[in-house]
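Participant:
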Amino acid sequence: MKADIEHWAGRLAALAVDSGVPGASLAFWYDGEVHECATGVLNTGTGAPVLIDSLFQIGSVTKVWTATQLMLLAEQGRVTLDTPVAEILPEFRVSDPGATQAITLRHLLTHTSGIDGDLFLDTGRGDDCLRRYVEACAGLEQTFPVGDSHSYCNSGFVIAGRVIEEVTGLVWNQALREQICEPLGLTHTWTLPEDVLRFGAAIGHDEDGAVVPQWGLPRSVGPAGLICARAADVVAFGRAHLTPGMLLADPAALREAQVDLPNPHTGARQWGIGWGLDEWDGHQVVSHTGDTIGQHAVLWVLPELGTVIAALINGGRSVEFQHRLATELMRELHAIDVPAPLTPPGQPVHVDGAPFTGTYERAGSRIHVTADEGGRLSLRTEPTGILVGLARSRTLDLVAVDETTFVGRDEGDSVWDTVVFEQRPDGPSYLHYSGRATPKTS
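The letter at position 312 of the sequence shown is residue 311 when you use numbering that gives the first Met the number 0, and the numbering goes up by one with no holes.
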């Protein structure tokens, strides 16, 4: 069936209002055509409308672009995914000398390096910012031994971007243009503010609709999350992962499973090269989401169905909005059901939560797990370091789903978060939440 874009423009507007989203842009490739619509405002302070060519921050969706850049170099024989990073970057080291020598490009692209890597460090606007960032990684600790598990790692992708610079001889954003943007004809995809501001650009908002105090992230974290783009450009990039030869000779190689996720309830059950991997109603879906300061983005690619969807959002209850949009689109376009987020079971599950109580800590976050007199667990996040003032503290009253899996949501949240506890008899215990493995420290 043909997609009725007027219908979807209306649904986009209605869902945005329901979820408190100031502005959103949607594009999808379906039945051989790109469909685009937009709703709301770029900035509640100015009232400037969102247009289909407006640029939003796509955040960590950028990581798939960075992974694609490295795969292009691998296809050209200029790197291999199993090359140790230290063989390419003389400045690369982390606090563990063994890890420094063992970490490969594959570890970086699959979040299996073990680097405690939410280092949001501003090393300036100069072309040397990635090199200086990598030098600053020398103090990063290991969350787990190299290759032992999966934990989302922003720093790993900045390091990957620095590898691209070293191999190509170009700064990362210029390599991005030459490797991806120019071959695909992406005219509305940029990274630096002076380029973005030539277009209508969204600013982030908090869940109450207030404009955030900072527009974007520093240049030094570019390969992990700095791209700004219109939705149609994001879809064009996604299409390149459907068609061999459009960009990569073998784009399917990126969606081969590399690692199972310890918490498989966060939008992916496995991880490929840059992509999260899951199934919707028996159909493979590869995806990535992105969050910056008050903005959210998602890219879904369904290879078997030939459909690509990009949604860009500048605030409000974005995860709720994202799920409702995907549910309606998939039901109407392909008559398939999107799995619902994990919620509390119909019958209570009794779990002794005492072994899980304590403090868990990683870069940028300290998590406190406590139990009340009845043994019910509560989780409270505490931003630390550079994230103080940018990330908010959250408190989740946890409900057991099984012996190690719990769900919880903060006051005012509509979507349940999932927490998985892992107790290792021969090593540290972990809390798996928000894609990260956080070790127990006390």
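Backbone N, C-alpha and C fix where the C-beta goes; we use that ideal spot for every residue, glycine too.
(1) Determine the closest residue to Ala135 out of Asp117, Ala73, Asp336, with distance taken between C-alpha atoms.
(2) Specify, as a first and last residue, the run of the alpha helix (DSSP H) that Ser317 falls within.
(3) If we count the other Cβ atoms within 10 Å of its Cβ and call it buried at 16 or more, is Ser150 buried or exposed?
(4) Would you kindly report the start and end of the unbroken beta strand (DSSP E) that includes Gly357?
(5) Report buried or exposed for Ser441, applying the criterion of at least 16 other Cβ atoms within 10 angstroms of its Cβ.
(6) Can you find the residues in the same chain that come closer than 7 Å, C-beta to C-beta, to Asp81, ignoring five residues on each side of it along the sequence?
(7) Quick one: Cα of Leu298 to Cα of Ser286, how far?
(8) Sort out for me which residues DSSP pairs Glu421 with in a bridge.
(9) Nearest-angstrom Cα distance between His322 and Pro89?
(10) Using alpha carbons as the reference points, say which of Val40, Ile202, Val133, Val162 lies closest to Gln68.
(11) Contact check, Gly293 vs Val350 under 8 Å by CB: the rounded distance?
(12) According to the neighbour-count rule (16 or more other Cβ atoms, all chains shown, within 10 Å of its Cβ), is Thr79 buried or exposed?
(13) When the distance is taken between beta carbons, is Pro21 closer than 7 Å to Asn313?
(14) With DSSP as the reference, label Gln294 as helix, strand or coil.
(15) Could you tell me which residues DSSP pairs with His287 in its beta bridges?
(16) Could you tell me the distance, in whole angstroms, from the CA atom of Phe91 to the CA atom of Ser112?
(17) Assuming contact is defined by CB atoms lying nearer than 7 Å, are Arg361 and Asp115 in contact in what I supplied?
(18) Looking at Gly58: is its Cβ nearer than 7 Å to the Cβ of Gly224?
(19) Do you know offhand how far Thr142's Cα is from Ala436's?
(20) Which residues share a DSSP beta bridge with Leu276?
(21) Quick one: grab the DSSP three-state call for Pro354.
(22) With a cut-off of 8 Å on the beta carbons, I'd call Ile335 and Asp280 a contact; round off their distance for me.
(23) Since Glu206 contacts Arg379 with CB under 8 Å, what's their CB separation in whole angstroms?
(24) With a 10 Å radius around its C-beta and 16 neighbouring C-beta atoms as the bar for buried, classify Leu196 as buried or exposed.
(25) Just checking, does the segment 231-249 make contact with the segment 10-29 on the three C-beta pairs under 8 Å criterion?
(26) From this set, Leu260, Ala13, Gly266, which residue's C-alpha is nearest Asp147's C-alpha?
(27) Output the distance between the C-alpha atoms of Leu129 and Ser219, rounded to the nearest integer angstrom.
(28) Ordered along the chain, which non-local residues of its own chain (more than five positions away) have a Cβ less than 6 Å from that of Glu74?
(29) By the 10 Å Cβ neighbour count, where 16 or more other Cβ atoms means buried, how is Gln346 classified, buried or exposed?
(30) Helix, strand or coil: how does DSSP classify Ile312 here?
(31) Can you look up Gly203 in the DSSP assignment and give me helix, strand or coil?
(32) On a CA-only basis, which of Thr265, Phe156, Asp416, Leu395 is nearest Lys62? Give me that one, please.
(33) Label Lys1 either buried or exposed according to how many other C-beta atoms from any shown protein chain fall within 10 Å of its C-beta, with 16 as the threshold for buried.
(34) Could you check if Thr291 is buried or exposed, using at least 16 other CB atoms within 10 Å of its CB as the buried criterion?
(35) Can you give the Cα-Cα distance for Glu327 and Leu14, rounded to whole angstroms?
(36) Quick one: which unbroken alpha helix (DSSP H) runs of 4-plus residues sit fully inside the segment 184-238? Chain order, please.
Facilitator: Once the coordinates are examined:
(1) Asp117
(2) 317-333
(3) buried
(4) 357-361
(5) exposed
(6) Thr103, Arg105
(7) 5 Å
(8) Tyr429
(9) 43 Å
(10) Val162
(11) That belief does not hold up - the Cβ atoms of Gly293 and Val350 are roughly 36 Å apart, past 8 Å.
(12) exposed
(13) yes
(14) coil
(15) Leu298
(16) 13 Å
(17) yes
(18) yes
(19) 7 Å
(20) Gln269, Val285
(21) helix
(22) 4 Å
(23) Between Arg379 and Glu206 the Cβ distance is about 18 Å, and since that is not below 8 Å, they are no contact.
(24) exposed
(25) yes
(26) Leu260
(27) 5 Å
(28) Ala248
(29) exposed
(30) strand
(31) coil
(32) Phe156
(33) exposed
(34) buried
(35) 10 Å
(36) 192-195, 221-224
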